[in-house]
Amino acid sequence: MTAAALSLSDLVAGHDGHVSLREVTLAVPAGARVAVIGANGAGKSTLLKTIAGELPALGGQMRRCETCARMGYLPQSATVDRRFPVSVYEFVAMGVWNHVGLFRRLGPAVRQRIDAALDKTGLAALARRPIGALSG
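All residue numbers for the sequence shown refer to the numbering used here, where the first residue is 4 and numbers rise by one.
The following block contains the structure:
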């Protein structure tokens with residue numbers, strides 16, 4: 004049995020002195036797609052920000068595989084400037100700049116990885132569309 008890409012055990016999460024989530028336990032296998040659903044204010048964004056490392060866990064345990072430790076969090080459109088003049092492809096490509104270097108060209112292997120990510124998420128057909136033209 005392979006280890007989970009992400010595992011949470013009795014995770015407690017929150018911010019600004021407020022606990023939003025208690026006793027969150029889950030294991031996500033590598034390659035799995037997970038939907039986080041719930042009512043407004045239920046703690047979905049807090050959970051994702053905690054997993055991404057933007058917020059510290061207030062309790063419990065969290066283990067991420069090495070790949071997960073390098074993943075980022077793409078916030079909801081309300082926190083993204085929709086006038087930012089980049090395409091969906093360019094926006095996704097921003098995720099590799101810390102590995103490639105800011106002023107270096109993206110090689111064929113990196114472009115293939117970006118294309119694969121767009122295919123996997125169903126966004127390949129929207130790759131050239133400006134991010135401001137997408138719905139939330």
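Ideal placement from N, C-alpha and C gives every residue a C-beta, glycine not left out.
On the DSSP bridge assignment, give the partners of residue i in chain order.
i      : result
His102 : His102 pairs with nothing; no bridge assigned.
Gly56  : Per DSSP, none; premise fails for Gly56.
Pro133 : Ser90
Ser12  : Gln64
Ala30  : Ser10
Leu24  : Ala16
Starting from the C-beta of residue i, find all residues in its chain whose C-beta is less than 6 Å away, skip the five residues before and the five after it, and write them out in chain order.
i      : result
Ala127 : Leu121
Gly62  : Val15
Ser10  : Ala30 and Arg66
Let's test the definition: count the other Cβ atoms within 10 Å of the Cβ of residue i and tell me whether it reaches 16, buried, or not, exposed.
i     : result
Val44 : Here residue 44 turns out to be Gly, not Val, going by the sequence shown. Result: exposed.
Val27 : buried
Val22 : exposed
Gly46 : buried
Val95 : buried
Thr53 : buried
Ile40 : exposed
Looking only at its chain, what residues have a beta carbon closer than 7 Å to the beta carbon of residue i, apart from the 5 residues adjacent to it on each side?
i      : result
Val130 : As written in the sequence, residue 130 is Ala, which differs from the Val given in the question. Cβ neighbours of Ala130 beyond the five flanking positions: Ser90, Val91, Tyr92 and Leu121.
Val7   : The sequence given here places Ala at residue 7; Val does not occur at that position. Closer than 7 Å at Cβ, skipping near neighbours: Ala30, Val31 and Pro32.
Ser12  : Thr28, Gly63 and Gln64
Arg37  : In the sequence as presented, Arg is not what sits at residue 37; that position holds Val. Cβ neighbours of Val37 beyond the five flanking positions: Val31.
Val113 : Val99 and Val103
In chain order, what residues of the same chain have a beta carbon less than 8 Å from the beta carbon of residue i, not counting five sequence neighbours either side?
i      : result
Thr49  : Ala16, Gly17, His18, Ser23, Leu24 and Leu58
Leu109 : Ala96, Val99, Val103 and Ile117
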